[in-house]
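**Student:** Okay, here's the structure, questions in a sec.
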Amino acid sequence: MLEFDLNKRFGKGDSVFSLEVKAQLPTGKIIGVFGPSGAGKSSLLRLLSGLEKPDRGYLKINDSVWSDTTQRIFLSPQKRSAGYLFQTYSLFPNMTVFQNLAFASEKKTAVPPLEELLTAIQMNDKKNQYPASLSGGEQQRVALARALVQRPTLLLLDEPLAALDETIRHSLQQYILALHQRFQPTTLLVSHDRQELAKLCDLVIEIKDGKITNTGTPDLLFGDTETIDLTADSFRVLTLTHSNEKRIVELVAGQQKIKIALDSSSWPNLKSGDHIKLTDTAFTLLNTKNNS
Amino acid sequence: MNYAPIFLSFQLAFVTTFCLLIIGVPLAYWLSESRSPLKPVLETIVSLPLVLPPTVIGFYLLLAFSPNNSIGYFLKNTLGIDFIFSFTGLVIGSIIYSLPFMVHPIQAGLRNLPGNLSEAAYVLGKSRWTTLKSVLLPNIKPALFTGIVLSFAHTVGEFGVVLMIGGNIPGQTRVASIAIYDQVEALNYEAAHQYALILLTISFVILLLVYVVNGHQSKKMGRAGI
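As given, the protein sequences belong to chains A and B, one line each in that order. Be aware that the first sequence starts at 36, since it is given in my numbering, and climbs by one per residue. Be aware that the second sequence starts at 3, since it is given in my numbering, and climbs by one per residue.
And the structure:
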């Protein structure tokens, strides 16, 4: 489980921005981070990587505490098992493709053979070339492989595809999926592209104004909106999922499927199989499924 | 012609540049990365020699190292070091006087690198030292070269600080610039001209070298995408 509750104030005076993020996320998955520009997506990744120090809060992954202000624990980026892929190409210009990967592998254990990684990103034939002679997509492939050299527990991808054209984006998405399948790191992927998130992610968290406002499957968060008939006699509760402080309830009536969000305190006993009636402002519980 | 002042000038420049490289690189690195409130204070101290008359720096160093002062007294009577009118004193004065010529180019070079290069190295588990040595310095070679050459050339041409701290002791503190001053005072313009021409030629060659080498390096770095 990747679990964090982190607070950090950025800037001074009028330009103060507060990030207050709290979540419990499953490990080994690709988790999308979605939200408008300036919402705090990259800041969240910087906090998780240790490149920024939180003012308050904690960060745990698989029961390993990386940061906890109450216990005065703060692991530097060097001591965290994290990989980071930046939006802009961050390959070291003075090193070849192979040297970039080899530099990442020094003095580390459990390192996959570099040749295997080069093969996985199809860069064997260009391993002796310098980054400047590579295309943007190739550079990001190498940077992705370099981030995985040490088999990180947490892989942070900060809009890695934003600067690439459509064809290369599609190709790199396949590399991300393939490498994730092979190494299974818990991956946080920042993107503005809903289709990309829907394609790559198991789960998406939405950030607005420095806070996580929604968590759910891409389908749940980005599903198409439809005109629905609220006058149906009753809706059956199909699924209930939790998203931050809310519960997302999936309802079905005939061919209609809708999702609604409830406060945690509203209808605490609502469960899958219950039947409810919707009005334009509220709904009424008609009957409840017998637990027995 | 006595070449001893020329050799002494170059000896002083070599030692000073070497010391400045050791001090200047970590200092420039700290200044380029730090968000400390002390940073502007340190930047001001580093830049002071650019605006202060060399005699002011020389005067205060002379006071500080004087055996009548507590620092000078401690250095002379406890450690047996006398900086006044000695080559070591010249080196200390030259380091302070040429500090901005080493620190500023390196600091600018580091600042112009993409910020995420060092962060990418940190996340890969690399220490600050390894990051500086293996990632940052190799990518700012022109800035390093500029810092080294400017510090060297500036020290060769130093006059005020040297005169204040070192005086004019033949073989010990009489560097080329002092020798020129001496010869002019003695109305021996021919000897002064010889010293001056040597310094002028060497300074021209050094600066030409900086521009030529940096021109090549810039093209190379441009091709490397730095």
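Beta carbons are placed, not taken as given, at the ideal position from N, Cα and C, and that holds for glycine.
Pick from A:Ile295, A:Ser307, A:Tyr93, A:Ser99: whose alpha carbon is nearest that of A:Thr105?
**Tutor:** Looking at the Cα atoms, A:Tyr93 is the closest of the given residues.
**Student:** Between A:Pro89 and chain B, is any beta-carbon pair separated by less than 8 Å?
**Tutor:** Not an interface residue.
**Student:** Three-state secondary structure (DSSP) at B:Pro7?
**Tutor:** Helix at B:Pro7.
**Student:** Please look up how many angstroms separate the CB atoms of A:Pro187 and A:Ala139, rounded, as I've assumed it's under 8 Å.
**Tutor:** Contact doesn't hold; Cβ gap of about 10 Å is too wide.
**Student:** Less than 8 Å between CB atoms is the rule here; does B:Gly127 satisfy it with respect to chain A?
**Tutor:** By this cut-off, B:Gly127 is an interface position.
**Student:** Give the residues from the region 131-163 of chain B that approach chain A closer than 8 Å (Cβ to any Cβ), ordered along the chain.
**Tutor:** From the region 131-163 of chain B, only Ser136, Val137, Pro140, Asn141 have a Cβ closer than 8 Å to chain A.
**Student:** Under the three-state reduction of DSSP, which class applies to A:Tyr210: helix, strand or coil?
**Tutor:** Correct three-state label for A:Tyr210: helix.
**Student:** For A:Thr202 versus A:Asn163, is the C-beta spacing smaller than 8 Å?
**Tutor:** In this structure, A:Asn163 does not lie closer than 8 Å to A:Thr202 by Cβ.
**Student:** Is DSSP giving A:Leu41 helix, strand or coil here?
**Tutor:** Reduced to three states, the DSSP call for A:Leu41 is strand.
**Student:** In whole angstroms, give me the CA-to-CA distance for A:Gly172 and A:Ser50.
**Tutor:** Their backbone Cα atoms lie some 35 Å apart in a straight line.
**Student:** Output, in sequence order along the chain, the residues in the region 103-119 of chain B whose CB is closer than 8 Å to any CB in chain A.
**Tutor:** Of all residues in the region 103-119 of chain B, Pro116, Asn118, Leu119 have a Cβ within less than 8 Å of some Cβ in chain A.
**Student:** When you check each C-beta in the region 25-36 of chain B against every C-beta of chain A, which residues fall closer than 9 Å?
**Tutor:** For the region 25-36 of chain B, which is checked against every Cβ of chain A, not one residue is closer than 9 Å.
**Student:** Since I believe B:Val105 is in contact with B:Ala123 (beta carbons under 8 Å), could you give me their beta-carbon distance rounded to a whole number of angstroms?
**Tutor:** With a Cβ gap of about 22 Å, B:Ala123 and B:Val105 do not count as contacting.
**Student:** Count the CB pairs spanning the region 51-71 of chain B and the region 296-305 of chain A that are closer than 8 Å, and state whether there are at least three.
**Tutor:** No, because fewer than three Cβ pairs between the region 51-71 of chain B and the region 296-305 of chain A fall closer than 8 Å, the two stretches do not touch.
**Student:** Between A:Leu255 and A:Lys281, how many whole angstroms is the CB-CB distance? I'm expecting something under 8 Å.
**Tutor:** Contact flag wrong, Cβ pair sits at about 12 Å.
**Student:** DSSP on A:Thr260, reduced to helix/strand/coil?
**Tutor:** Low confidence applies to A:Thr260: its pLDDT is 48, below 50, so where it sits in the model is not reliable enough to give any reading.
**Student:** Have a look at A:Ser84, A:Pro195, A:Leu54 and flag the residue whose alpha-carbon is nearest the alpha-carbon of B:Glu121.
**Tutor:** Ranking the options by Cα distance to B:Glu121, first place goes to A:Ser84.
**Student:** Can you find at least 3 beta carbon pairs, one from the region 148-156 of chain A and one from the region 129-145 of chain B, that sit closer than 8 Å?
**Tutor:** At 8 Å Cβ cutoff, the stretches do not touch.
**Student:** According to DSSP, simplified to helix, strand and coil, what is A:Asp103?
**Tutor:** Strand.
**Student:** Compare the C-beta of A:Gln216 with all C-beta atoms of chain B and state if any pair is closer than 8 Å.
**Tutor:** Closer than 8 Å: no.
**Student:** Out of B:Thr90, B:Pro102, B:Asn190, B:Met166, state which residue places its alpha-carbon closest to the alpha-carbon of B:Leu10.
**Tutor:** Ranking B:Thr90, B:Pro102, B:Asn190, B:Met166 by Cα distance to B:Leu10 puts B:Thr90 first.
**Student:** Measure from the C-beta of B:Leu209 to each C-beta in chain A and report whether the shortest distance is under 8 Å.
**Tutor:** It does not: the Cβ of B:Leu209 has no partner Cβ on chain A nearer than 8 Å.
**Student:** Counting pairs of beta carbons, one from the region 51-62 of chain A and one from the region 234-243 of chain A, are three or more of them closer than 8 Å?
**Tutor:** In short, these stretches touch, since the Cβ pair count reaches three.
**Student:** Select from the region 152-175 of chain A all residues with a C-beta closer than 8 Å to any C-beta belonging to chain B, and list them in chain order.
**Tutor:** Residues Tyr165, Pro166, Ala167.
**Student:** Let's see if you can read the secondary structure: which residues bound the beta strand (DSSP E) around A:His310?
**Tutor:** Run containing A:His310: 310-313, per the beta strand (DSSP E) assignment.
**Student:** Name, please, each residue of chain A whose Cβ falls closer than 9 Å to the Cβ of B:Glu121.
**Tutor:** Result: Arg81, Ser84, Leu86, Pro112, Tyr119, Phe121, Ser125.
**Student:** Which residue marks the beginning of the alpha helix (DSSP H) containing B:Phe61, and which one marks its end?
**Tutor:** Counting along the chain, the alpha helix (DSSP H) containing B:Phe61 begins and ends at 56-67.
**Student:** Using 8 Å as the limit for Cβ to Cβ distance, is A:Pro148 near chain B?
**Tutor:** No, its Cβ sits nowhere closer than 8 Å to a Cβ of chain B.
**Student:** So, are the CB atoms of A:Leu152 and A:Ala180 less than 8 Å apart?
**Tutor:** A contact, by the Cβ cut-off of 8 Å.
**Student:** Nearest-angstrom Cα distance between B:Gly173 and B:Cys21?
**Tutor:** So the alpha carbons of these two residues sit roughly 22 Å apart.
**Student:** Residues of chain B with a CB under 9 Å from the CB of A:Gln185: which are they?
**Tutor:** Residues of chain B passing the Cβ test: Leu126, Gly127.
**Student:** Are the region 95-110 of chain B and the region 44-59 of chain B touching by the rule of at least three beta carbon pairs closer than 8 Å?
**Tutor:** Flag = yes, the region 95-110 of chain B and the region 44-59 of chain B touch.
**Student:** If I'm right that A:Gln174 touches A:Leu126 with Cβ under 8 Å, what's the distance once you round it to whole angstroms?
**Tutor:** 6 Å between Cβ atoms; contact.
**Student:** Measure the C-alpha to C-alpha separation of A:Thr144 and B:Lys221 and round it to an integer number of angstroms.
**Tutor:** Because the pLDDT at A:Thr144 is just 49, under 50, the model does not fix this residue reliably, and the value given afterwards should be weighed accordingly. Whole-angstrom Cα-Cα distance: 39 Å.
**Student:** Less than 8 Å between C-beta atoms, sequence neighbours within five positions excluded: which residues of the same chain meet that for A:Pro220?
**Tutor:** Contacts found: Gly63, Gly118, Leu183, Arg186, Pro187, Thr188, Leu189, Leu190.
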